[in-house]
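Numbering (our numbering), first residue to last: 1 to 399. Idealized CB from N, CA, C, for every residue including glycine. Being a predicted model, the structure only gives us computed values, none of them experimental. Following: one structure in structure tokens, then a few remarks.
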């Protein structure tokens, strides 16, 4: 049923938005598989990181942010053609960048791929802005502000990436590229979504601390902290880089404090899906804090073990917990099929494996231990994702 006051044309907004998101997430899952394969075939970290971050994570952000905006603001879904165009820009851009670097293709190819990716980010910002303006409910506006800011910072990171791939560059430019993408594009989206999404996953009300004003101030504080980091990197002011990262970590704590308090009933219902959001947020904060410590000790910035901790135990765990909720929701088929899907994606083994991997990376255990935990997590997740996608839809009874 379309909510009262919804914009014209919103009658099919949810099924249309779900269909768009299903297609986008299929591409995201493909990039996850490619990243896992790349990680096993080479010791170089560049290829799996970019397949996962530029491919899987950005596609997940594209599909899920738009779906949540449509759902929570009671807005019509955007036209399929524009969504397809935006998705194609990200797929072709991320795929082209990784292929071009791997095969050492001409600079012009890399520049074209990077520009295509950047266009995809800007198209996503446009789709979100148009969609939220057509919505009947204003509660989610603050999250879309976070998304658009994230995409702008991601565009800055993409532009720096094109420079890195096509011209002589410095370590400072590389660090700025990493910071803009990891803490801007991904971090602001995670921070803007979690207060809303944690309540959805746990079937609870939002925290009383999650007022629109507080969430907007938290987003602005996060963005300002990152801008300080980027400005400090530009002038090679190490102390200010550390201060900006410390402030950014405070912003993460503010995000976590805006999540609903977890109750026993919610744990019984959501289980590892909800715990993964919380633990992923904690790892996110720990990785940023320890990166600030590395800066203070003149260690390599954004290049050591804490980068992997952030990506795997932080962001990837949050993505895993989110998909464990979203995949059953998106496949449809009625209440029974939904319950089957939630049971399939309920994995305490996967939760234990990804956090064991995070601990192994954080304390520098032997590589074999880290890889073992990662393999268990990936295989368990792949089996469950495949199971959710392959269980046949029961036929409807004849009238």
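| task | Just mark residue 41 as buried or exposed, buried being the case when its beta carbon has 16 or more other beta carbons within 10 Å. | result | Along the chain shown, one-based indexing puts residue 41 at 41. With fewer than 16 other Cβ atoms within 10 Å, it is exposed.
| Mind checking residue 370: buried by the 16 CB within 10 Å criterion, or exposed? | Start at 1 with the first residue of the chain shown, and residue 370 comes out as number 370. With 16 or more other Cβ atoms within 10 Å, it is buried.
| message | I believe residue 124 touches residue 207 by the beta-carbon criterion, under 8 Å. Please report the beta-carbon distance rounded to the nearest angstrom. | response | For the purposes of this step, residue 124 is taken as residue 124 along the chain shown, with counting starting at 1. For the purposes of this step, residue 207 is taken as residue 207 along the chain shown, with counting starting at 1. With a Cβ gap of about 28 Å, residue 124 and residue 207 do not count as contacting.
| field | Contact set for residue 232: own chain, Cβ-Cβ below 7 Å, skip 5 residues either direction | value | Reading the chain shown from its first residue, position 232 is the one you call residue 232. Hits under 7 Å: 240, 241, 244.
| message | Buried or exposed, going by whether 16 or more other CB atoms sit within 10 Å of the CB of residue 81? | response | Here residue 81 refers to the residue found at position 81 of the chain shown. Exposed, because fewer than 16 other Cβ atoms sit within 10 Å of the Cβ of residue 81.
| Rounded to a whole number of angstroms, what is the C-alpha to C-alpha distance between residue 358 and residue 309? | Mapped onto the chain shown, residue 358 falls at position 358. Mapped onto the chain shown, residue 309 falls at position 309. So the alpha carbons of these two residues sit roughly 6 Å apart.
| Under 8 Å between the Cβ atoms of residue 223 and residue 149? | Stepping through the chain shown from its first residue, residue 223 is reached at position 223. Stepping through the chain shown from its first residue, residue 149 is reached at position 149. Result yes, Cβ atoms of residue 223 and residue 149 sit closer than 8 Å.
| C-alpha distance - residue 180 paired with residue 238, whole-angstrom precision | Walking along the chain shown from the start, residue 180 turns up at place 180. Walking along the chain shown from the start, residue 238 turns up at place 238. The alpha-carbon atoms of residue 180 and residue 238 are separated by roughly 17 Å.
| How would you call residue 177, buried or exposed, if buried means at least 16 neighbouring beta carbons within 10 angstroms? | The residue you call residue 177 lines up with position 177 of the chain shown. With 16 or more other Cβ atoms within 10 Å, it is buried.
| field | residue 246 Cβ short of 7 Å to the ligand MG heavy atom set | value | Among the ligands in the structure shown, none appear at all, so the ligand MG cannot be discussed.
| request: Tell me whether residue 235 sits in a helix, a strand or coil according to DSSP, three-state version. | output: On the chain shown, position 235 is the one that residue 235 refers to. Coil at residue 235, not helix or strand.
| CB-CB under 8 Å to residue 203, same chain, minus the five flanking residues each way: which ones, in chain order? | Here residue 203 corresponds to residue number 203 of the chain shown, with the count starting at 1. So the list reads 266, 269, 270, once near-sequence residues are dropped.
| Classification of residue 213 by the beta-carbon crowding that lies within 10 angstroms, buried from 16 upward | Reading the chain shown from its first residue, position 213 is the one you call residue 213. Residue 213 should be labelled exposed.
| said: With H, G and I counted as helix, E and B as strand and the rest as coil, what does DSSP make of residue 329? | reply: As a working mapping, residue 329 is identified with position 329 in the chain shown. In the structure shown, residue 329 sits in a helix (DSSP, three-state: H, G or I).
| Mapping DSSP to helix, strand and coil, what is residue 294? | Counting from one through the chain shown, the residue named residue 294 turns up at place 294. Helix, per DSSP.
| task | Out of 37, 94, 135, point me to the one whose CA is closest to residue 162's CA. | result | Reading the chain shown from its first residue, position 162 is the one you call residue 162. Minimum Cα distance to residue 162 is reached at 94.
| Where does residue 272 sit, in a helix, a strand or coil, going by DSSP? | On the chain shown, residue 272 is found 272 positions in, with the first residue counted as 1. Of the three classes helix, strand and coil, the one that applies to residue 272 here is helix, per DSSP.
| query | If you draw a straight line from the C-alpha of residue 8 to the C-alpha of residue 74, how long is it? | reply | Within the chain shown, numbered from 1, the residue matching residue 8 stands at position 8. Within the chain shown, numbered from 1, the residue matching residue 74 stands at position 74. Bear in mind that a pLDDT of 47 at residue 8, under 50, signals an unreliable position, so the model cannot answer this.
| message | Let me confirm a value: residue 336 is counted as buried when at least 16 other C-beta atoms fall within 10 Å, else exposed. Which label applies? | response | The residue given as residue 336 occupies position 336 in the chain shown. Burial call: exposed.
| query | Counting along the chain, where does the alpha helix (DSSP H) carrying residue 18 start and finish? | reply | Position 18 of the chain shown, counted from the start, is the residue given in the question as residue 18. Looking at the DSSP string, the run of the alpha helix (DSSP H) that includes residue 18 is 13-41.
| field | residue 131 and residue 78 closer than 8 Å at C-beta | value | As a first step, residue 131 must be located in the chain shown, where it is residue number 131. As a first step, residue 78 must be located in the chain shown, where it is residue number 78. Against a cut-off of 8 Å, the Cβ pair of residue 78 and residue 131 comes out as a contact.
| said: Check whether the region 309-318 and the region 279-290 touch, using three or more Cβ-Cβ pairs below 8 Å as the test. | reply: Cβ pair count under 8 Å is three or more, so yes.
| task | Would you check if there are 3 or more beta carbon pairs closer than 8 Å linking the region 137-154 to the region 89-109? | result | no
| Proximal residues to residue 116 (C-beta, below 6 Å), its chain only, five neighbours per side dropped | The residue you call residue 116 lines up with position 116 of the chain shown. Result list for residue 116: 89, 92, 93, in chain order.
| query | So, residue 351 versus residue 276, is the Cβ gap smaller than 8 Å? | reply | Mapped onto the chain shown, residue 351 falls at position 351. Mapped onto the chain shown, residue 276 falls at position 276. Cβ atoms of residue 351 and residue 276: closer than 8 Å.
| Any idea what DSSP makes of residue 397, helix, strand or coil? | If you number the chain shown from 1, residue 397 lands on position 397. Any answer about residue 397 is weak, because its pLDDT of 38 lies below 50 and its placement is not dependable; what the coordinates show is given next. Three-state result, residue 397: coil.
| Considering only residues of the same chain and omitting the five flanking positions on each side of residue 127, which have a CB-CB separation below 8 Å? | Against the chain shown, residue 127 aligns to sequence position 127. These residues qualify, in order along the chain: 66, 78, 82, 83, 86.
| said: Measuring straight from C-alpha to C-alpha, what distance separates residue 259 and residue 192? | reply: To locate residue 259, count along the chain shown from 1; it is residue 259. To locate residue 192, count along the chain shown from 1; it is residue 192. C-alpha separation (whole angstroms): 11 Å.
| task | Output the residue ranges of the alpha helix (DSSP H) runs that lie fully inside the region 180-244 and measure 4 residues or longer, sorted by chain position. | result | 187-201, 212-234
| task | Could you name the residues of the same chain whose beta carbon sits closer than 7 Å to that of residue 365, not counting the 5 residues immediately before and after it, in chain order? | result | Taking the first residue of the chain shown as 1, we reach residue 365 at position 365. Excluding positions up to five away in sequence, the list is empty.
| message | Using a 10 Å radius around the Cβ and a threshold of 16 neighbouring Cβ atoms, would you call residue 18 buried or exposed? | response | In the chain shown, the residue the question calls residue 18 occupies position 18. Result: buried.
| query | Which parts of the region 313-395 are runs of the alpha helix (DSSP H), unbroken and 4 residues or longer, counting only runs that do not cross its ends? | reply | 317-331, 335-345, 348-362, 367-390
| task | May I have the straight-line CA-CA distance separating residue 32 from residue 383, to the nearest angstrom? | result | Taking the chain shown and counting its residues from 1, the one referred to as residue 32 is at position 32. Taking the chain shown and counting its residues from 1, the one referred to as residue 383 is at position 383. The alpha-carbon atoms of residue 32 and residue 383 are separated by roughly 13 Å.
| request: Could you check the C-alpha separation between residue 139 and residue 372 for me, to the nearest Å? | output: Taking the chain shown and counting its residues from 1, the one referred to as residue 139 is at position 139. Taking the chain shown and counting its residues from 1, the one referred to as residue 372 is at position 372. Rounded to the nearest angstrom, the two C-alpha atoms are 43 Å apart.
| query | So, helix, strand or coil for residue 138, using DSSP? | reply | To locate residue 138, count along the chain shown from 1; it is residue 138. It is coil, neither helix nor strand.
| field | residue 205, buried or exposed, once every other Cβ within 10 Å from all chains shown has been counted against 16 | value | Residue numbering aside, residue 205 sits at position 205 when the chain shown is read from its first letter. The residue is exposed, with fewer than 16 neighbouring Cβ atoms inside 10 Å.
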